[in-house]
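Engineer: For what it's worth, our numbering labels the leading residue of the first sequence as -16, then goes sequentially.
Glycine included, each C-beta is placed from N, C-alpha and C at the ideal position.
The model shown is predicted, which means the values in this text are computed figures rather than measured ones.
One structure is given below, represented as C-alpha cells, and several questions about it will come after.
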Amino acid sequence: MDKYEFFSISCEIGSILVYTNSGICEQISFTEEFIPESDENIFTIQIREYLNGERKILDFSVKYSSGPIFTKIWNYLRENVSYGRIVTYSELAKACNTNPRVVGYAMASNPLPLYIPCHRVVGSKGIGGYSGKEHNIDGIKWKKYFLTLEGSL
DNA sequence: CGCGTACATAGCC
DNA sequence: GGCTATGTACGCG
C-alpha cells in the first residue's frame, strides 16, 4: 500500500522538498519559493539539524535504484566523502573505474541530493554544476550554499 | 543484445 | 571565456 507524503523545510535561499512513500524517502528537490514548513518528523528534523550545523550525516530511510555504476558512485560518496570533504569528478571517476562524464551523468540522475552528497563533487576548472534535471532553478546557488555551510568554500 | 540518448567534463585555442 | 572531442552507462525495443 503506497502512502505518498510531501514535506518542506525552509532555509535562507528557499525550501527543500522531501517526497516520501510509506515513510521512506524517495526524492529530494529544491525550490526558490518559500513553502510553509511541514510539521516535525524524522526527515524535517534531520535536515533542519543539518542546516543548523548540528548534524553531519543524514540517516533516515531512503530508497533509490538505478544501474550498478550509478549506485556505486552514490554509495562511494556517502561512504568516503564525508562532511566538509571535496572530490573532483575525475577523482570520483577514477575511484569507481569510470570516467568524469559518467560521474556527471550519475549526479544529474541523483534522486536524493543532500542525502547523497553530490554537492561535494566539483570540477577541475570551476565548481561544476548542480541540479541538472530541475533546470527551472539555479542549482549552483544551492551547491554554494551547502558548501559554505560545511566550511568547504 | 544492440542502438540511441544523455552527461553537473577536461582540455586546448 | 568559448568551443570541441569523447567515453561510458542507462533504458528501451
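Does DSSP put T14 in a helix, a strand or coil?
Structural biologist: Reduced to three states, the DSSP call for T14 is strand.
Engineer: As a quick exercise: from E15, F43 and T14, pick the residue whose alpha carbon is nearest that of T27.
Structural biologist: F43
Engineer: Between the alpha carbons of V86 and N80, how many angstroms are there, rounded?
Structural biologist: 10 angstroms
Engineer: Leaving out five residues on either side along the sequence, give the residues of the same chain with a beta carbon under 8 angstroms from the beta carbon of C8.
Structural biologist: Cβ within range, chain order: V1, Y2, F26, F43, S44, V45, K46, L95 and Y98.
Engineer: I'd like to know whether the C-beta atoms of I69 and R38 end up nearer to each other than 9 angstroms.
Structural biologist: no
Engineer: Tell me whether the region 120 to 129 and the region 4 to 20 touch, counting them as touching only if at least three CB pairs, one residue from each stretch, are closer than 8 angstroms.
Structural biologist: Yes, the region 120 to 129 touches the region 4 to 20.
Engineer: According to DSSP, is I7 helix, strand or coil?
Structural biologist: I7: strand per DSSP, three-state reduction.
Engineer: So, using beta-carbon positions, are L75 and I56 closer together than 9 angstroms?
Structural biologist: L75 places its beta carbon less than 9 angstroms from that of I56.
Engineer: In whole angstroms, what is the alpha-carbon distance linking F129 and Y66?
Structural biologist: 10 angstroms
Engineer: Looking at the secondary structure, which residues open and close the alpha helix (DSSP H) in which S73 lies?
Structural biologist: Y72 to A78
Engineer: Below 8 angstroms on the Cβ atoms is my guess for P83 versus S73; work out the distance and round it to an integer in Å.
Structural biologist: 5 angstroms
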